[in-house]
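Input: a single structure, listed below in structure tokens.
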Amino acid sequence: MGGKKMDVLDLIKEAFYYPINDYKNWLIIAILFLLNTVLSSYVISKGGAVGIIGSIISLLITIIIAGVTVAVMRNTFNNSNNVPMIDLQINFVDGIKYSIISIVYSVIPVIIALIMGIFTGIYSTIDKILTTVVQSSVATNATPDVIIQAIPQDLLVSFGMNILIIMFVFIILSIIAAILLAIAEARFAETGNILSAFDIKAIFDKISSIGWGNYIVFLISLAIVLIVLGIVSGIIAYIPYIGALISGFVIDSFLVLFIARAIALIYQQGY
Numbered sequence: 023m024g025g026k027k028m029d030v031l032d033l034i035k036e037a038f039y040y041p042i043n044d045y046k047n048w049l050i051i052a053i054l055f056l057l058n059t060v061l062s063s064y065v066i067s068k069g070g071a072v073g074i075i076g077s078i079i080s081l082l083i084t085i086i087i088a089g090v091t092v093a094v095m096r097n098t099f100n101n102s103n104n105v106p107m108i109d110l111q112i113n114f115v116d117g118i119k120y121s122i123i124s125i126v127y128s129v130i131p132v133i134i135a136l137i138m139g140i141f142t143g144i145y146s147t148i149d150k151i152l153t154t155v156v157q158s159s160v161a162t163n164a165t166p167d168v169i170i171q172a173i174p175q176d177l178l179v180s181f182g183m184n185i186l187i188i189m190f191v192f193i194i195l196s197i198i199a200a201i202l203l204a205i206a207e208a209r210f211a212e213t214g215n216i217l218s219a220f221d222i223k224a225i226f227d228k229i230s231s232i233g234w235g236n237y238i239v240f241l242i243s244l245a246i247v248l249i250v251l252g253i254v255s256g257i258i259a260y261i262p263y264i265g266a267l268i269s270g271f272v273i274d275s276f277l278v279l280f281i282a283r284a285i286a287l288i289y290q291q292g293y
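Numbering (the working numbering), first residue to last: 23 to 293.
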């Protein structure tokens, strides 16, 4: 699939104006965000049965919003410039699949980092440190400073080095997962097949056809816009009583449509 060739700046601008140019459908989707914000801010916090019901409704809305993201990409691939209408059944099913894809890509770096802990020996090091702490506290009824001093220096150094190694690997893997995830989600929107989101070779081929340089510049540009709008959203949220509602209704709904449209457009730059 290949769409109209655009440079990254034009692509970001097109995605930015996408919700604005179809503000009526945007406002309909924004109502979902408003409802979710109300649930999160005022209902779930009450706890009890009301809080549980509110949490369930909020989860369902979140899944539907994820499905709307897929619908935006799919519309883009079908050369439509309109914000999609909400279809609860289709959006819910797509939203579940979309969420599964996101969770898998997020969990993989965590699993690999935990497995690395076995090979680096960090778990045995932690066990030795805890054993030393318990023995010292029981034997001497010592203060925290004394207990820490009782821990062998080589254990602390080993623990620190292993943590640094694992964190470094985790961060690198998380960045790679984030880079692949956008294209994985777009592949799912294009094919409707959740398994296509895990075809790593096809994902790398798509990014190569887009151009790794263009794709990285796109992600950086997207991140800059998200940071700016995130700051604006945070400022608005501080407005007493209505700030969170305005932020959810306007900024959050805008971001979902903007991001989905931008990812679909960069996806179309490949073949």
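The beta carbon of each residue, even a glycine, is placed where N, CA and C say it ideally should be.
In this text the structure is predicted, and so the values were computed from the model without any measurement.
Query: At least 3 beta-carbon pairs within less than 8 Å: the segment 170-190 vs the segment 102-112; Result: no
Query: Chain-order list of residues whose beta-carbon lies under 6 Å from that of A211 (same chain, five-residue window excluded); Result: V92, M95 and R96
Query: Validate contact between the segment 153-160 and the segment 217-229 using beta carbons, cut 8 Å, 3 pairs; Result: no
Query: Helix, strand or coil at K27 [DSSP, three-state]; Result: coil
Query: Boundaries of the alpha helix (DSSP H) in which K68 is found, first to last residue; Result: No alpha helix (DSSP H) holds K68; DSSP gives it neither H nor E.
Query: Alpha-carbon to alpha-carbon, R283 and I123; Result: 18 Å
Query: P106, enclosing alpha helix (DSSP H) - first and last residue; Result: From DSSP, P106 is part of no alpha helix (DSSP H); its letter is neither H nor E.
Query: Coarse secondary structure for Y263, derived from DSSP in three states; Result: coil
Query: For F294, the nearest candidate out of L61, A37 and M28 (CA to CA); Result: The chain is shown from 23 up to 293; residue 294 falls before or after that span and cannot be answered.
Query: DSSP-derived helix/strand/coil call for D116; Result: helix
Query: L178 - containing alpha helix (DSSP H), residue span; Result: Q175 to T213
Query: Proximity to F192 [Cα-Cα], best of I288, A135, A204 and A266; Result: A135
Query: Cβ separation of I273 and S255, assumed to be a contact under 8 Å, to the nearest whole Å; Result: 4 Å
Query: N100 - DSSP class collapsed to helix/strand/coil; Result: coil
Query: Limits of the alpha helix (DSSP H) - the one that Q290 falls within; Result: S275 to Q290
Query: Contacting residues, own chain, Cβ-Cβ under 7 Å from I205 (five flanking each side not counted); Result: I225, K228, I229 and Y289
Query: DSSP three-state assignment for T165, whether helix, strand or coil; Result: coil
Query: Extent of the continuous alpha helix (DSSP H) to which A224 belongs; Result: I222 to I232
Query: Proximal residues to K119 (C-beta, below 7 Å), its chain only, five neighbours per side dropped; Result: F210 and I216
Query: Exposure label - I51; buried when at least 16 CB within 10 Å; Result: buried
Query: Neighbour-count burial assignment, D149, 16 or more Cβ in a 10 Å radius; Result: exposed
Query: Nearest candidate by alpha-carbon position, reference F276, set I137, M183, G252 and I261; Result: G252
Query: When N236, F114 and T213 are compared against F99, the one with the closest alpha-carbon; Result: T213
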